[in-house]
Every structure is written in structure tokens, then in C-alpha cells.
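Everything below concerns the one structure shown next.
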Amino acid sequence: MERLRSLVGKRENKLDFLRDLVSLLLSREELYSNEALFKDAVEEVYSVLKAEVRSGNFDLLDAYETAVVLRAVVFKENLDVPPMLRKLLDELG
């Protein structure tokens, strides 16, 4: 993550950092194609958006949902529907 922070630069605002990070990934294929770096970036985006939504910033809910799907794809999680529905049911209590 430190490499990404050095490429993007320091940002006080977390959302500005995420915008710059995603823009950088889109504009530089060598970053996007570096699996470890890309996974770190996706995890950072996911974590920041999750924290924002949990703290009540519901304007970012759509972005968070997109990050959830992106994270599942990048980390090659099982995307079969029945297991996902079972997992969702378990998580709902």
C-alpha cells in the first residue's frame, strides 16, 4: 500500500485519495496488471468505503456495493448463487 500512497501522494481526504487511486489504476496498466498491488488497492478501496458507509455516509452506498463485487472478483471468491445466498442468510443471523 505504501507504493500506491507514494504514487498517488498524500491526501487528507480519504475520498480524494480513493478517486486518485482508482484513476491512477485505470490510467497505468502496469499498476492494474500487478496482481499484488492491485489487490492491495482494491482492499483499500473496499475498507475505506465500508468504514464510510458504516459511519453513516450513505451517499457512498452504491460505490461500496461496487467495491464489494470488485473485491469478490479480484479475490476469486466463490460466486455461485446458492452458496452466496446461504452465506447471506447466515450473515443476517
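Per my numbering, residue 11 is the first one in the sequence shown, and the count goes up by one each step. Glycine included, each C-beta is placed from N, C-alpha and C at the ideal position. Keep in mind it's a predicted model, so treat the numbers as computed, not measured.
Taking Cβ positions, are V78 and Y42 nearer each other than 9 Å?
By one-based count along the sequence shown, residue 78 stands at place 68. By one-based count along the sequence shown, residue 42 stands at place 32. Taking 9 Å as the cut-off, the Cβ atoms of V78 and Y42 do not count as close.
For the structure I just gave you, are there three or more beta carbon pairs, one from the region 59-75 and one from the region 31-49, closer than 8 Å?
No: fewer than three Cβ pairs fall under 8 Å.
How long is the line joining the alpha carbons of S37 and D30, rounded to whole angstroms?
Along the sequence shown, one-based indexing puts residue 37 at 27. Along the sequence shown, one-based indexing puts residue 30 at 20. Their Cα atoms are separated by approximately 10 Å.
With K86 as the anchor, note down where its alpha helix (DSSP H) starts and where it stops.
On the sequence shown, position 76 is the one that residue 86 refers to. For K86, there is no enclosing alpha helix (DSSP H), since its DSSP letter is neither H nor E.
Using DSSP with H/G/I as helix, E/B as strand and the rest coil, what is S43?
The residue given as residue 43 occupies position 33 in the sequence shown. Collapsing the DSSP output to three states places S43 in coil.
Three-state secondary structure (DSSP) of E22
In the sequence shown, counting from the first residue as 1, residue 22 sits at position 12. Note: E22 maps to coil in three-state DSSP.
By the three-class DSSP mapping on this structure, what secondary structure does S65 have?
Here residue 65 is taken as the residue at index 55 of the sequence shown, counted from 1. Secondary structure at S65: coil, using DSSP grouped into helix, strand and coil.
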